[in-house]
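Residue numbers (UniProt numbering), protein chains in the order written: chain A, 1 to 210; chain B, 1 to 210; chain C, 1 to 210.
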């Protein structure tokens, strides 16, 4: 089935944000050349959607059926490569690109899962998986413990955004405003988490241990 | 096609064991908060089954179609989180949870692969892949060399358990006793391997090198 | 649909080359026993094809439907294990096995993707993904930053080989000579990259930083 325009638009916006983030990560984490930066940016940008499509049985994944995905992902990575010096001044902002991708992908992942016939709870989970997928692939490739494990407020905002989107679809109010509202809910929680370094509770053992 | 009750029961028992193991690993390996522990526990618990279902073309994976999987995985991880201190006394036993998950999943993976029309040898391999999948994802996420590579007696018991299950299905004696027997065969070999630190032969080169 | 003989032959040749490479990597990177070496060799050999088949919706993957894949992969890994000492003299050549697998898999990945109805650009990308997939899985498992990120001339030759193969199919000249020509184009670029340590340009920031 063809992608509806709203899903495609949000997906492409998230793809661009994740491509910027993945490429900049590549520039910083290791001394990668342009091909490595492009590859890491594209894997970060396209990974979440590919995982989502494989899991819901949308085969081949949208990434390989609609050329804009590949072009937008490559474009985002190239922008990051060529503007790496000016972008450096915005040191904090690389996390914001990741937060934007997370927010948009949790919404598209959840709504596409509903379209493919999944129930409410699995659609919320798959939305969150879509959101955290690309960043997790990125972290594994550059050998970091994935953000989804180390940051309490990474999976939670993705689940919130996906839940808001699913609720909107089920109550029949889904549309551009509802989708952006769901993404914004995720984005704000994530940014608050980064800004105030919030984390969920740790286990009693770990607390006492120090 | 719906999951038969025996497959579902064994799968859920394996899911619970792997969730305990994955969550405790998260508590020890890195200082994760509750969301990180829950996420690692669930990925460990659900990873093997998701990989199996993607490979045999059961789409979407059972994990996302039957809510008990998500609930049991989350429950196992939460139990590990809140009981982390008392569980600490049973230091050795974290490996036993992994062995239990391995044993149950190699059986369910093999029998489900046969149901989906795979031949005998691929069903045995896919059973083993199901068994080792979750633990391998866990190890990659916390940046350890996966157990399946470093321990000689991890893939082998999974292959044995899967082979016994496949033989039972093909000779028409499959049922709860046969399934438990196959799982027990895997479990005992794995536990003997841990207890006596058994390994398969190493290459001549490596042997002479020391 | 059954695999055409040309695709199967090239795929098996690539599988053998990657199995040798993966197993030797396992012998060197970590002190693995025979099961670990076999496992790493098989994952390296079969990983790219499995990823390709999952992405194009060929389910279950050819690896699990045609027994020669499993046998050839296991055979390659066992050869590497038992001949590890004589193979040691050919220190450089482990990279050549990887280059051979890369070259053959980018061609089979691209042509199989076309068969499954993908367009030209996605088929080229999926061909490259097939080529780099196994080696990337290998590197993640032994905890190295994947070659596809660190070496500029790894993804590029795979894209070139896939593009030549796709062009040959589309112009109706595809056959054994065209397939070998496409693989040879990839192989020569890759080997030149290794030999002369060529890389793509790095970002301005990184250049100035040192």
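For glycine and all other residues, C-beta sits at the position ideal for the given N, C-alpha and C.
Non-local C-beta neighbours of residue 104 of chain A in its own chain, meaning closer than 6 Å and more than five positions away in sequence, comprise 10, 13, 14, 183, ordered along the chain.
Here residue 145 of chain C carries a coil assignment [DSSP, helix/strand/coil].
Membership of residue 68 of chain C in the alpha helix (DSSP H) is indicated by the continuous run 67 to 82. Ranked by how close their Cα comes to the Cα of residue 98 of chain C, the residues C:56, C:62, C:50, C:46 have C:46 in first place. Assignment of residue 166 of chain B by DSSP, reduced to helix, strand and coil, places it in the helix class. With a cutoff of 8 Å on beta-carbon distance, residue 80 of chain A and residue 20 of chain A are scored as near each other.
Under the criterion of beta carbons closer than 8 Å, residue 162 of chain C and residue 135 of chain C do not qualify as touching, at roughly 15 Å.
The three-state secondary structure of residue 173 of chain A, taken from DSSP, is coil.
Residue 5 of chain B: member of the alpha helix (DSSP H) spanning 5 to 29, first to last residue. Of the residues B:6, B:44, B:26, B:31, the one whose Cα lies closest to the Cα of residue 18 of chain B is B:44. Setting aside the 5 residues that flank it on each side, residue 168 of chain B is surrounded in the same chain by 174, 178, 182, each with a C-beta closer than 7 Å to its C-beta; the list follows chain order.
Chain-ordered listing is empty here: chain A has no CB closer than 9 Å to the CB of residue 130 of chain B, the nearest sitting near 16 Å. Near chain B, meaning a CB-to-CB distance below 7 Å, the residues of the UniProt domain "Glycine transporter" (96 to 168) of chain C are 140, 141, 142, 143. For the pair residue 34 of chain C and residue 70 of chain A, the Cα-to-Cα distance works out to about 41 Å. Within 10 angstroms of the beta-carbon of residue 192 of chain B lie fewer than 16 other beta-carbons, which makes it exposed.
Taking a C-beta distance under 8 Å as the contact criterion, residue 158 of chain B and residue 132 of chain B qualify as a contact pair.
The beta carbon of residue 36 of chain A sits closer than 8 Å to some beta carbon of chain C. Per DSSP, the beta bridge partners of residue 202 of chain A are B:33.
Assignment of residue 185 of chain C by DSSP, reduced to helix, strand and coil, places it in the helix class. Between the alpha carbons of residue 60 of chain C and residue 137 of chain B lies a distance of about 21 Å. For residue 109 of chain B, the enclosing alpha helix (DSSP H) begins and ends at 94 to 115.
For the pair residue 76 of chain B and residue 16 of chain B, the CB atoms are nearer than the 8 Å cut-off.
Inclusion of residue 140 of chain A and residue 54 of chain B in the CB contact set at 8 Å is not warranted, their separation being larger than that value. What residue 54 of chain C touches in chain A, judged by beta-carbon distance under 7 Å, is 54, going in chain order. Just measuring C-alpha positions, the residue of C:189, C:185, C:84, C:114 sitting nearest residue 171 of chain C is C:114. In this structure, DSSP gives residue 61 of chain A a state outside helix and strand, which the three-state scheme calls coil. Residue contact check for residue 60 of chain A against chain C: a CB pair falls below 8 Å. Secondary structure at residue 180 of chain C: helix, using DSSP grouped into helix, strand and coil.
Under the Cβ criterion of 8 Å, residue 31 of chain C is counted among the residues facing chain B. In the assembly as shown, residue 176 of chain C is an exposed residue. Its beta-carbon has fewer than 16 other beta-carbons within 10 Å. The straight-line gap separating the alpha-carbon atoms of residue 116 of chain C and residue 123 of chain C is approximately 9 Å.
At a cut-off of 8 Å, the C-beta of residue 39 of chain B has a neighbouring C-beta in chain A. Non-local beta-carbon contacts of residue 6 of chain A in its own chain, meaning distances under 7 Å to residues more than five positions away in sequence, involve 176, 179 in chain order.
Out of C:152, C:202, C:201, the CA that lies nearest to the CA of residue 190 of chain C is found in C:152.
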